[in-house]
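In what follows, a single structure is set out as C-alpha cells and then discussed.
In the working numbering, the protein residues as written are 11 to 300.
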C-alpha cells in the first residue's frame, strides 16, 4: 500500500516537472502549505514554469546558472513586455513560498533561492506612501486579524520585522495594553491594542478565565514563518485593494513620520537618539511633500 505522504510527494513532483500548476498550487493550498488565492499564485508562477519547460530547466534540481536564468526570466512577461517591479517581486515571493512548502514536505532539502538577489522591493530614496494610503491598507487588512495586527505594529510602533515574527503572547500585557519588545515596554495605541486583543482571543485567551493567559503565553503571535511569507500576504492585500505593494520596511519608516508619540512608543531606550531619528525622518517627509 502506498503511503499517503509518498503519493502526495509523487503527485507534486510530477506536477512541477510537467508545469501542471493547477494541480501543484491547489494541492499545496488544500494542505495549508501555500497561502493566498490559488489563481493569483498560479499567475505568479506561470511565467517561470513556462520558461523552465521551454529551456529544459529543472525547478526541483536547478542547474548551476539557475539564478542568472531566473533573473532573465523575471524581466519580461509572457508577451515579451517588460515586467513591472511589483510583478517581479510577487513572482519571486511566490516561488520562495513554493520552495518553502516543498522543503516542509521533504520533497527538496536545500533552498534553490539561497543568496538569490531578488528585485529590490523598496529603495530608501522612494517617497513614503501617504498616510491616507496606509489607512486604506489597514482597512483592507481588517478581514485578516493576524495581518491587521502586524501592519499596525509596523506602522504605529515601528516594530522591526525580525522582532515581529518571533513575538509570543507573553510579550503582550492585555491589562496594561503594552508590548515588551526587546528591552522596551511600549504603550500601544488603542487601535493596535484592540487588534492584538482580537488576535489574543483567537489564540485562546479569555479574560473571564485568567489561567488562559498563561496557557497561550508561549504561542507565537503571528503565523508567518519567514519575512517573505509576511511580504507575500501584504502583496495579496495591496493588490486586492488596488494599492502599490508596500513593504514592511516602508511601514516602519512611515511610523517615524506619522506616529512619533514618544521614545518608548516606538521602541527606543535613548530619547536623544529617538529625537534625532524622528527629526531626520520628518525632514525627509517635508522635502517629499514640497
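Note that the Cβ used here is the ideal one computed from N, Cα and C, for glycine as well.
The three-state secondary structure of residue 75, taken from DSSP, is coil. For residue 75 and residue 62, the gap between their C-alpha atoms comes out near 13 Å. Distance from the CA of residue 183 to the CA of residue 82, rounded to the nearest whole angstrom, comes to 49 Å.
For residue 57, the enclosing alpha helix (DSSP H) begins and ends at 48-65.
Per the coordinates, the alpha-carbon of residue 253 lies some 42 Å from the alpha-carbon of residue 221. 9 Å or more divides the Cβ of residue 248 from the Cβ of residue 103. Three or more beta-carbon pairs drawn from the segment 166-177 and the segment 220-240 are found closer than 8 Å, and the two stretches are therefore classed as touching. Residue 188: not part of any alpha helix (DSSP H); member of the beta strand (DSSP E) spanning 188-191, first to last residue.
The Cβ neighbour count for residue 157, taken over all protein chains shown within 10 Å, is at least 16; the residue is labelled buried. Secondary structure at residue 194: strand, using DSSP grouped into helix, strand and coil. Ranked by Cα distance from residue 18, the first of 115, 86 and 96 is 115. Close CB contacts of residue 118 within its chain, under the 8 Å cut and outside five residues either way in sequence, are with 70, 109 and 112 (chain order). In the structure shown, residue 183 falls within a strand segment according to DSSP collapsed to helix, strand and coil. Counting C-beta pairs closer than 8 Å gives three or more between the segment 150-167 and the segment 184-199, which meets the contact rule. Counting of Cβ neighbours within 10 angstroms places residue 99 among the buried residues, the total reaching 16 or more. Across the structure, residue 72 and residue 121 are spaced so that their CA atoms are roughly 10 Å apart. A Cβ-Cβ separation of about 12 Å leaves residue 50 out of contact with residue 243 under the 8 Å criterion.
Annotated three-state conformation of residue 43 is coil, per DSSP.
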